[in-house]
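As structure tokens, the structure follows; a few thoughts come after it.
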Amino acid sequence: MFCQNCGTQLPEGVKFCPECGAPVVISEPLREEPTVEEPAIAADPAPQQPITETPVQQPIVQSNPEASALSTPILIFGILGLSFACIPYINFLGIIFSAIAKSKVKKFLGLGGVLSGKAKVGNILATIGLIVGIVLTVIFAIIITIMILGIILGTLGEKGYIRGW
Ligand SMILES: [Zn+2]
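First residue of the sequence shown? That's 651 in this note's numbering, and the numbers climb one at a time after it.
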């Protein structure tokens, strides 16, 4: 190290030049300046990123792909179940399709599926389809039984009334 005033070589540790008496200026503080700027720049964009990303990721983590592959068949069989359950004389087909949808719902839940969207709608339709299918099948079975009894009894008036259904 040399004196900045007179250029004399200085021994280490001295605070004043032994030749001219000028205070020894240590050049080390100059190295600290670039390191101070770096964290100041990096600190600005860092806190903005996690705030916008975290709420989007949470709802995506739901059922596994095997379970979600069953959601479309559940909806299709649910629609078929309720549709056929409402068709006179073939209501029993509604019971069959609804039962298929229900068995797929059971499998879906077994695979860790979360009932939402298509699977949820399909499950509701299958439940209604089962109830409607069973109730109407019983009603039409009674009607058919009465009709057969009417034919057997040969009561033409009663037969004509029931046929209006
Ligand atoms: Zn000096």
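C-beta: ideal position from N, C-alpha, C; glycine also. None of these values were measured; they are calculated from a predicted model.
| If you run the structure through DSSP and keep just helix, strand and coil, what is P723? | helix
| field | P715 (DSSP reduced to helix, strand or coil) | value | helix
| For F747 and I789, the rounded distance between their alpha carbons | Using only the alpha carbons, I get a separation of about 19 Å.
| For K752 and K770, the rounded distance between their alpha carbons | Going from the Cα of K770 to the Cα of K752 covers about 11 Å.
| request: Taking S748 as part of the alpha helix (DSSP H), name the residues at either end of that continuous run. | output: 741-760
| field | Straight-line gap, G763 to C736 (C-alpha atoms, nearest Å) | value | 29 Å
| task | Report yes if the C-beta distance between G744 and G779 is below 7 Å; otherwise report no. | result | Contact: yes.
| field | Supposed contact pair V674 and L660 - C-beta distance, whole angstroms, cut 8 Å | value | 6 Å
| query | Identify the residues that DSSP records as bridge partners of P661: which are they? | reply | Paired residue(s): none; P661 is not in a bridge.
| message | Please identify the residue among K754, L730, T722 whose C-alpha is closest to the C-alpha of K768. | response | Nearest of K754, L730, T722 to K768, Cα basis: T722.
| said: Nearest by alpha-carbon distance to C670: which of L732, Q654, G663 is it? | reply: Q654
| Straight-line Cα distance separating E716 from A776 | 21 Å
| request: Look at the alpha carbon of I794 and the alpha carbon of G731, and state the distance between them as a whole number of angstroms. | output: If you take the alpha carbons of I794 and G731, they lie about 22 Å apart.
| field | Residues near T658 by beta carbon distance below 8 Å, same chain, minus five either side | value | F652, C667, P668, E669, C670
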